[in-house]
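K.L.:
First the structure, which I've put down as structure tokens, then a few questions once you've had a look.
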Amino acid sequence: MSETKTLPYGYVGKIARVNLTDQSFGTLETSDYAPEFIGGRAIANKIFWDEVEPGVGPFDPDNMLILMTGPTCGTGLPTGDRTAMTGIAANNIPNQYCWGSIGGVLPSRLKYAGFDGVIIEGKADKPSVVIIDDGTVRFESAEDLWGKLVHETQEAIWERYGKDFESLVIGPAGEHLVRIASLTNGNDSAFAKSGFGAVFGSKNLKALIVRGTGIVTPADIDHIMKLRKTAGAPLKKLNPLVYDTEFFHPPAGLTFHIPQGRWGTHIACSPGCNQRCVQLDVDGKSAFPEMYDTATLMNKCIDSSYLMKDCGWAPRRSVHTKKSFVYNCSGLSDTVAQKSPVKRPDSSQTDPIAPCSDAYAADSDEVDPDYVPRLDDARVGNNLNLYDYDYDRYHVTNGLCTELGIDRWDVSVWLIPWLVMGKRVGLLKEEDFDGLSLDPISEDLLHQLLLDIAYRRGRWGSLFAEGVQRALAELGPEYSETEYHFMSSYKEGLELNIPISFASSWGHSFHWQGRGYQGAGDIVQWLPATLKLMINTRDAQTNGHMHMKVDTWLKGFEDTYHNPVIAQITVDSDRDSEYKESVCTCERMTPNPFWPELESELFNAATGLGFTKEELEEHAIRSLLLFRAIEIRNHDRTREMEVKEAWRPLQYPDCEGTTTSWEEFNDLVDVFYDYCGWDRKTGWPTRACYEKYGLGYVADEMETVGKLPDSQD
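Following this note's numbering, the numbering of the sequence shown begins with 92 at its first residue and continues without gaps.
Laid out in structure tokens, this is it:
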């Protein structure tokens, strides 16, 4: 270990190191990593690169889970109380190094306990919990917690240790090594996409429990207070609960009745956040009525307007502002857009508007009450013709996933549509599921199936405990490649035939790729989304939504497959995602196209380092290159591997009928690799690329293992 260096503000100085095998505890110095590696995912990448050799699998004791906060965490900076986790994922195909991120209270409590992060390695010989309590670490038995549901576990922890402890827990799915098992924080923030819940289970770890009573000292408290009032245009009013029984569904302009009622408000998922963007539903039907009379569910993307609907993945609407035009895709922002349309800067303009895969509207008080969106203001979407609205079914499904510790994303946007489409094309019969309804899908079926998955019981439970993609591979190609002929485009006269599985790449489903879930979009949006997925190891759109200016978007349509603008959009988005998960901030607020220096302001208010936007971006690219090196060294990533993986689903039409040929996609990959400075033949960064960002030692190791390309141009 190097000599301890002086750390900037915002960090607390230590990283806890926990070995479950021998129940030992040690520390690393944060200053050995920061600020060269900012924090969050960047520091985690460096630790993993230094310590985890190739060949480690997700359930091996040597798999290292690294939970790392950023310098904004615990400082009161808006959306700063977030944390990243990395390790070998359980649900990726093939198994690869991956990441997740959450908000919640636990990240700031970890900082208050004196740790910027915690490394978890080894395997306990019996069910255990790890307790971090104001600088100390201890191990205790979890045998009485093993088998409990998520909320049962959290309540038992509070009863035993006190309400000032926060926890990160697994449910039965994690205990049974279900590959889509999640890790849940106290307020239902979850690491879900990487299957880290199953990795916890493989280590016999039921919970990480944290209490901290210390402080985090930021550099500029006055600037923090200013940012809390301005960053993200937060609501400048109190948020009382408002009872409502009608739910607005933007795509069709409909409302539907919620029998149990709905309490509408906005809340934040972490203590430093001023966004209050999460919608709170209460009085819903409980998935476990013997335990809870009603269910309380916090949710963001997968809510009533997305989960169980007939008009799936529908046309997006626009908001016109004084500064630019952007799409709004979220139900919440579309509702706002319907009520408060804003004047266009020039009513004579007829060019299309720029897409944004996150809900976003620029701030403006110049409202035009008579504005009516024109036909050319919206892209077309598609109609999957799956099922009707059913609020109870939605609430019960999400409640089951939450309590069992299952990734509700894969269940709601992949598994459930597959069941319905499989029934309609004749592959699945209701007698295969004890006569329970598949079309429309029944609450009873989902209750039985999700319990079977969580406990790995029965044919279907055992299959889908391995994740949707592995299950379909086991069933055979007809169960994933059979075409579904009931989908139609909102573009008049266009019929779309897609496979009944929404499989995309690396064991994950479509998301902002013009097909399947959130399939509305255009080629300038879904090609960068696909390239982002290609160079990552999981769905990169859940935390890395793309924001672009109108002129950039328009340029992307010019000779698209040979256009460096597509590469620019991809790199900008991936880089932005990296510094968001290193600082750490939330994609709901950042990046802001109209405030490009916001992230550096947040970082500097915490640390006092005075980084420019460009310097912060350089640090993010350093982290991305290290992630790329891990993919290549540890998992043999090559161009051949990732291009095949990314192109396969683009053979099927998007909502406008567009497909991409093998030749077109490879031409685009050439342009993309050139833009990044990587070798075209292998997809590997060159020595010059590594050295430009201070990673000469990485280039040396890559040369030693034969994974540095010959080309140095």
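C-beta: ideal position from N, C-alpha, C; glycine also. Please read all numbers here as calculations on a predicted model, not as lab measurements.
(1) When the distance is taken between beta carbons, is Ile271 closer than 8 Å to Asp501?
(2) Return the first residue and the last residue of the alpha helix (DSSP H) that Asp313 is part of.
(3) Starting from Gly117, follow its DSSP beta bridges and name the residues at the other end.
(4) Taking only three categories from DSSP, how would you classify Cys189?
(5) Let me make sure I understand the geometry here. Which of Pro531, Leu506, Glu522 and Pro169 has the alpha-carbon closest to that of Arg515?
(6) Quick check on Arg470: buried or exposed, where buried means 16 or more other Cβ atoms within 10 Å of its Cβ?
(7) So what does DSSP say about Asp758, is it helix, strand or coil?
(8) Thinking Ala562 and Ile497 are a contact (beta carbons under 8 Å), I'd like their distance in whole angstroms, please.
(9) Please work out which residues of its chain come closer than 7 Å, Cβ to Cβ, to Tyr100, disregarding the five sequence neighbours upstream and downstream, and give them in chain order.
(10) For a test of your reading of the model: does the CB of Leu587 fall under 7 Å from any non-hydrogen atom of the ligand SAH? Yes or no.
(11) By the three-class DSSP mapping on this structure, what secondary structure does Gly131 have?
(12) Name the residue from Asp727, Arg547, Gln609 and Phe555 whose alpha carbon lies nearest to the alpha carbon of Cys746.
(13) Can you check whether the CB of Leu111 is closer than 8 Å to the CB of Lys214?
(14) Under 8 Å between the Cβ atoms of Ala180 and Gly286?
(15) Here's the rule I'm using: 16 or more other beta-carbon atoms within 10 Å means buried, otherwise exposed. How should Arg251 be labelled?
(16) Which whole-angstrom value describes the C-beta separation of Asn634 and Glu678, a residue pair presumed to lie in contact below a C-beta threshold of 8 Å?
(17) Can you list, in chain order, the residues of its chain whose CB lies under 7 Å from that of Ile157, leaving out five sequence neighbours each side?
(18) For Pro776, which of helix, strand or coil comes out of DSSP?
(19) So for Phe99, helix, strand or coil by DSSP?
(20) How many Å lie between Tyr383 and Asp791 at the Cα?
(21) For Pro380, tell me which candidate among His486, Met680 and Leu236 has the shortest Cα-Cα distance.
(22) Can you round the beta-carbon distance between Phe694 and Leu707 to whole angstroms, since I take them to be within the 8 Å contact cut?
(23) Please classify Lys214: does DSSP put it in a helix, a strand, or coil?
(24) Relative to the C-alpha of Asn295, which residue among Ser192, Lys217, Cys360 and Arg548 is closest?
(25) If you draw a straight line from the alpha carbon of Val789 to that of Leu624, how long is it in whole angstroms?
(26) What number of angstroms, rounded off, separates the C-alpha of Glu266 from the C-alpha of Glu234?
(27) Short of 7 Å in beta carbon distance, which residues of its chain neighbour Pro776, apart from the five on each side in sequence? Order them along the chain.
(28) Taking DSSP as the reference, what is the three-state secondary structure of Lys376?
(29) Would you mind working out which of Gly526, His538 and Tyr478 sits nearest Glu494, comparing C-alpha positions?
(30) Between Cys164, Met159 and Lys704, which lies nearest to Pro687 when the distance is taken from Cα to Cα?
(31) With a threshold of 6 Å on Cβ separation, who are the neighbours of Asp808 within its own chain once the five nearest residues in sequence on each side are excluded?
(32) For Asn182, count the other beta carbons within 10 Å of its own beta carbon; 16 or more makes it buried, fewer makes it exposed. Which is it?
(33) State the DSSP-derived secondary structure class of Ser232, mapped to helix, strand or coil.
(34) Could you check which residue in Ser580, Val109 and Gly513 has the C-alpha nearest to that of Gly117?
(35) Please report the distance separating the alpha-carbon of Asp151 from that of Asn654.
(36) My output table needs one value for Phe139: the three-state DSSP class, helix, strand or coil.
P.N.:
This is what the structure gives:
(1) As a first step, residue 501 must be located in the sequence shown, where it is residue number 410. As a first step, residue 271 must be located in the sequence shown, where it is residue number 180. Cβ atoms of Asp501 and Ile271: closer than 8 Å.
(2) To locate residue 313, count along the sequence shown from 1; it is residue 222. Ile312 to Thr321 is the extent of the alpha helix (DSSP H) around Asp313.
(3) Looking up residue 117 in the sequence shown gives position 26. Partner(s): Arg108.
(4) Stepping through the sequence shown from its first residue, residue 189 is reached at position 98. Correct three-state label for Cys189: strand.
(5) In the sequence shown, the residue the question calls residue 515 occupies position 424. Closest option to Arg515, Cα to Cα, is Pro531.
(6) The residue labelled residue 470 in the question sits at position 379 within the sequence shown. Only weak support is given to the placement of Arg470: the predicted model assigns it a pLDDT of 49, under 50, and the question is left unresolved by the model.
(7) Within the sequence shown, residue 758 is the residue found at index 667, counting from 1. Reduced to three states, the DSSP call for Asp758 is helix.
(8) Working through the sequence shown from its first residue, we reach residue 562 at position 471. Working through the sequence shown from its first residue, we reach residue 497 at position 406. At roughly 14 Å, the Cβ-Cβ gap does not stay under 8 Å, so Ala562 and Ile497 are not in contact.
(9) The count along the sequence shown starts at 1 and reaches residue 100 at position 9. So the list reads Thr308, Pro309, Ala310, Ala697, Thr698 and Gly699, once near-sequence residues are dropped.
(10) With respect to the ligand SAH, the structure shown offers nothing to examine, as it has no ligands at all.
(11) Position 40 of the sequence shown, counting from 1, holds the residue named residue 131. Gly131 falls in the helix class under three-state DSSP.
(12) For the purposes of this step, residue 746 is identified with residue 655 of the sequence shown, where counting begins at 1. For Cys746, the nearest C-alpha among the options comes from Gln609.
(13) Position 123 of the sequence shown holds residue 214. Position 20 of the sequence shown holds residue 111. Yes, the pair counts as a contact, with Cβ atoms nearer than the cut-off.
(14) As a working note, residue 180 is residue 89 in the sequence shown. As a working note, residue 286 is residue 195 in the sequence shown. Result yes, Cβ atoms of Ala180 and Gly286 sit closer than 8 Å.
(15) Here residue 251 refers to the residue found at position 160 when the sequence shown is read from its first residue. Answer is exposed; the Cβ neighbour count stays below 16.
(16) The count along the sequence shown starts at 1 and reaches residue 634 at position 543. The count along the sequence shown starts at 1 and reaches residue 678 at position 587. Confirmed, Cβ separation roughly 6 Å.
(17) Taking the sequence shown and counting its residues from 1, one reaches residue 157 at position 66. Once the five neighbours on either side are set aside, the close Cβ partners of Ile157 are Ala135, Ile138, Phe139, Met176, Thr177, Gly178, Gly208 and Ile210.
(18) Sequence index remark: in the sequence shown, residue 776 carries index 685 (1-based). Correct three-state label for Pro776: strand.
(19) As a first step, residue 99 is located in the sequence shown; it is residue number 8 there, counting from the start. It is Pro, not Phe, that sits at residue 99 in the sequence shown. In the structure shown, Pro99 sits in coil (DSSP, three-state: anything other than H, G, I, E or B).
(20) Numbered from its first residue, the sequence shown carries residue 383 at position 292. Numbered from its first residue, the sequence shown carries residue 791 at position 700. Each residue's Cα considered, the two are about 58 Å apart.
(21) Here residue 380 corresponds to residue number 289 of the sequence shown, with the count starting at 1. If we check each option's Cα against that of Pro380, His486 comes out closest.
(22) Sequence index remark: in the sequence shown, residue 694 carries index 603 (1-based). Sequence index remark: in the sequence shown, residue 707 carries index 616 (1-based). Distance from Phe694 to Leu707 at the Cβ level is roughly 6 Å; contact confirmed, criterion being Cβ atoms closer than 8 Å.
(23) Position 123 of the sequence shown, counting from 1, holds the residue named residue 214. Residue state, collapsed to three classes: coil.
(24) Start at 1 with the first residue of the sequence shown, and residue 295 comes out as number 204. Nearest option by C-alpha distance: Lys217.
(25) In the sequence shown, the residue the question calls residue 789 occupies position 698. In the sequence shown, the residue the question calls residue 624 occupies position 533. If you take the alpha carbons of Val789 and Leu624, they lie about 23 Å apart.
(26) Sequence index remark: in the sequence shown, residue 266 carries index 175 (1-based). Sequence index remark: in the sequence shown, residue 234 carries index 143 (1-based). Roughly 12 Å separates the two Cα atoms.
(27) By 1-based counting over the sequence shown, the position of residue 776 is 685. Excluding residues within five positions, the ones whose Cβ falls inside 7 Å are Leu716, Arg719, Gly768 and Trp769.
(28) For the purposes of this step, residue 376 is identified with residue 285 of the sequence shown, where counting begins at 1. Of the three classes helix, strand and coil, the one that applies to Lys376 here is strand, per DSSP.
(29) Along the sequence shown, read from residue 1 onward, the residue named residue 494 stands at position 403. Just measuring C-alpha positions, the residue of Gly526, His538 and Tyr478 sitting nearest Glu494 is His538.
(30) If you number the sequence shown from 1, residue 687 lands on position 596. Residue Lys704 is the option with its Cα nearest to Pro687.
(31) In the structure displayed, the chain extends from 92 to 804; residue 808 sits before or after that span and is not available.
(32) Within the sequence shown, the letter at position 91 stands for residue 182. By the beta-carbon neighbour count (other beta carbons within 10 angstroms, threshold 16), Asn182 is buried.
(33) Translated into the one-based positions of the sequence shown, residue 232 becomes position 141. Three-state DSSP puts Ser232 in a strand.
(34) Your numbering for residue 117 matches position 26 in the sequence shown. Closest option to Gly117, Cα to Cα, is Val109.
(35) By one-based count along the sequence shown, residue 151 stands at place 60. By one-based count along the sequence shown, residue 654 stands at place 563. Here the alpha carbon of Asp151 sits roughly 43 Å from the alpha carbon of Asn654.
(36) Numbered from 1 along the sequence shown, position 48 holds the residue referred to as residue 139. Three-state result, Phe139: helix.
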